[in-house]
Amino acid sequence: MWSSFRRGRKDRVKDLEPTEPPDPAAAQDTSRQHRYVSGQYFFEYLVVVSLNKTKDGSSYEPRITYQFPKRDGMARFQKEEEEKTLKAITLFCFPEGISWAPLTEYHSETFSFVLTEIDGSRRNGYCRRSSPPPEAYCIISSVACFGLFSKIFDEVEKRRQISMAMIYPFMQKLREAPFPAPGNTVEIKSFIPESGTEIISLTRPLDSWLEHVNFATLFGCLKDEEVLLVFAAAVLERRIIFIADELGTLSQVIHAVAALLYPFTWQHTFISIVPEILMDVVMAPTPYLLGVQKRLLHQVNEEGELIVDLSEDKEKTFIFSTGDESSILPPKLQAEILEALSMRQKTSTEEELNRVVSETFLHFFVKTVGHYASYVKYSHGGGGVFEKRSFYKAIESKTTRHFVKKFLQTQMFDLFIQEVEQQQPGPQQGEDCDDDDDDDEVVRFLCKDL
11 MWSSFRRGRK DRVKDLEPTE PPDPAAAQDT SRQHRYVSGQ YFFEYLVVVS
61 LNKTKDGSSY EPRITYQFPK RDGMARFQKE EEEKTLKAIT LFCFPEGISW
111 APLTEYHSET FSFVLTEIDG SRRNGYCRRS SPPPEAYCII SSVACFGLFS
161 KIFDEVEKRR QISMAMIYPF MQKLREAPFP APGNTVEIKS FIPESGTEII
211 SLTRPLDSWL EHVNFATLFG CLKDEEVLLV FAAAVLERRI IFIADELGTL
261 SQVIHAVAAL LYPFTWQHTF ISIVPEILMD VVMAPTPYLL GVQKRLLHQV
311 NEEGELIVDL SEDKEKTFIF STGDESSILP PKLQAEILEA LSMRQKTSTE
361 EELNRVVSET FLHFFVKTVG HYASYVKYSH GGGGVFEKRS FYKAIESKTT
411 RHFVKKFLQT QMFDLFIQEV EQQQPGPQQG EDCDDDDDDD EVVRFLCKDL
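Using this note's numbering, the letters of the sequence shown correspond one by one to residues 11 to 460.
Next comes the structure, spelled out in structure tokens:
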């Protein structure tokens with residue numbers, strides 16, 4: 011849950027004073043280690059998916075026409091797992107399935123999805139669809155960084171226009187390049203006929219826990235008050251369905267909503283774009299965040315507890331709601347959130363907007379459950395025990411206490427506390443925190459997990 015935050019935090023930690031003059035070569039090697047995240051690479055593989063006619067010629071189906079790298083020498087079970095993954099990729103690249111449209115209806119767009127493994131681990135899929143011909147480039151990676159992969163797709167698309175063979179040398183160099191630490195840049199040399207050798211710079215955002223998020227689309231589709239209602243439903247782990255025409259809108263909004271929950275993590279079904287063949291998932295009784303194309307709205311039938319229309323031509327934003335969303339969060343804190351959001355400038359950059367939004371919702375959690383660490387009691391040589399009743403009763407505000415009582419029952423809070431209980435107590439928990447942080451409450455809240 012916390013890996014991305016740890017990376018972002020510790021890359022800003024002040025260096026300790028050396029006890030002896032450092033060796034120049036060692037210093038250079040150490041500097042390189044700080045610039046790259048050990049063991050992480052940009053991607054696992056790239057595939058190109060095309061829409062081809064079926065054998066009977068009655069419709070189209072997505073098929074993989076290019077894969078890099080080729081997986082050779084795999085055991086049988088590994089090959090079977092890969093085939094399942096590749097099949098899933100084709101579904102997400104063209105979720106329309108057999109309901110194909112005229113080729114001119116597929117316009118270029120970039121979106122992302124998540125592949126969840128049996129053990130609960132997640133991999134990210136990044137997709138760029140272009141037309142004509144209807145074709146999709148898809149990169150599978152353990153790295154969550156939408157902006158970086160959008161730039162990579164620009165380079166892939168540029169080479170694809172020349173020749174499919176031009177993709178290989180670029181992706182090979184990218185695969186060999188180490189993934190940069192937050193705030194750092196990796197440079198890749200790549201040759202293009204008639205243009206010569208180009209140097210492509212890929213910079214990773216400093217705030218690694220926000221690098222997969224762009225709040226602009228969320229706040230472009232919804233008013234601040236509407237975002238607050240969606241957040242309220244998400245924080246209580248309800249079944250939420252988002253409706254939109256554009257695949258990119260669905261993926262960006264759903265990832266943004268999940269990011270509003272930080273430092274907690276959505277633990278349930280998360281499908282940013284539901285392929286038509288998987289539409290039965292809307293009938294699941296368990297919590298979910300789902301993105302559904304508007305042309306499939308008739309298959310939703312008010313299955314979710316909150317159905318949100320993100321499209322430009324919507325008649326109303328909330329197609330269906332439980333009705334209590336406006337009363338879930340404490341009124342005073344709702345007002346504070348709206349006031350903080352109203353302070354942002356209309357001309358804010360993406361980075362500024364991300365900062366304002368993330369800090370606003372993080373402060374909400376600080377004010378409601380930020381005192382949790384004082385109620386985790388450790389036994390000698392053992393793990394911690396969270397004193398839930400004492401924690402709950404320590405809250406003075408009646409409305410805040412009412413909210414927290416419900417929030418304590420969520421899986422995201424339960425798993426958060428389980429991780430805290432498994433940690434060893436001691437001063438080391440907070441020593442890596444930035445002493446210059448402007449908000450001590452936030453630092454204490456987050457650094458308890460470091």
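Just so it is clear, CB atoms sit at the ideal spot from N, CA and C, and this is done for glycine as well.
Residue i versus residue j: straight-line alpha-carbon distance, rounded
i	j	result
Q171	E93	28 Å
T126	E90	16 Å
Q355	G258	24 Å
N311	R139	29 Å
V284	Y178	30 Å
F104	L351	36 Å
L288	F225	27 Å
R45	P188	Its pLDDT being 49, under 50, R45 is placed unreliably in this model, and the coordinates cannot settle the point.
M11	K63	Its pLDDT being 32, under 50, M11 is placed unreliably by the model, and nothing is read from it.
K233	A175	46 Å
F252	L306	11 Å
Q432	A98	35 Å
E346	F156	30 Å
K65	I74	16 Å
G427	L271	This sequence places Ile at residue 427; Gly is not what is there. Roughly 15 Å separates the two Cα atoms.
P34	R185	Residue confidence is low: P34 scores 38 on pLDDT, short of 50, so the model does not pin down where it sits. Its coordinate-derived value is still stated next. Between P34 and R185, the C-alpha separation is close to 29 Å.
T275	E204	48 Å
Y76	K387	55 Å
M353	A154	29 Å
P144	S122	17 Å
I250	S358	29 Å
Same chain only: Cβ atoms within 6 Å of residue i, ignoring 5 sequence neighbours per side
i	result
F201	T207
F53	I149 and S151
Q262	N224 and T227
K324	none
R411	I405
Beta-carbon spacing of residue i, residue j below 8 Å
i	j	result
G193	L212	no
V59	P72	yes
V414	S282	no
V240	V318	yes
F374	L343	yes
A254	L260	yes
E315	T296	no
V291	T279	yes
C231	L348	no
I264	G301	yes
I162	K183	no
8 Å CB neighbourhood of residue i in its chain, flanking five on each side removed
i	result
V166	L56, R138, Y147, I177, F180 and M181
Close Cβ partners of residue i (< 7 Å) along its chain, the five nearest in sequence each way excluded
i	result
Q277	Q421, M422 and L425
Cβ separation of residue i and residue j, assumed to be a contact under 8 Å, to the nearest whole Å
i	j	result
T327	E236	5 Å
I338	A242	4 Å
K416	L246	6 Å
- Item | Every unbroken alpha helix (DSSP H) within the region 261-285, with a cutoff of 4 residues, ordered by chain | The region 261-285 contains no whole alpha helix (DSSP H) run of 4 or more residues.
- Task: Tell me the start and end of each unbroken alpha helix (DSSP H) in the region 167-249 that is at least 4 residues and wholly inside, in chain order.
- Result: As summarised for the region 167-249, the continuous alpha helix (DSSP H) elements at least 4 residues long and confined to that stretch are 177-186, 225-231 and 234-245, given in chain order.
- Query: Of all the beta strand (DSSP E) runs that stay within the bounds of the region 310-363, which reach a length of 3 or more residues?
  - Reply: For secondary structure counted as the beta strand (DSSP E) over 3 or more consecutive residues, the region 310-363 holds these complete runs in sequence order: 316-319 and 328-331.
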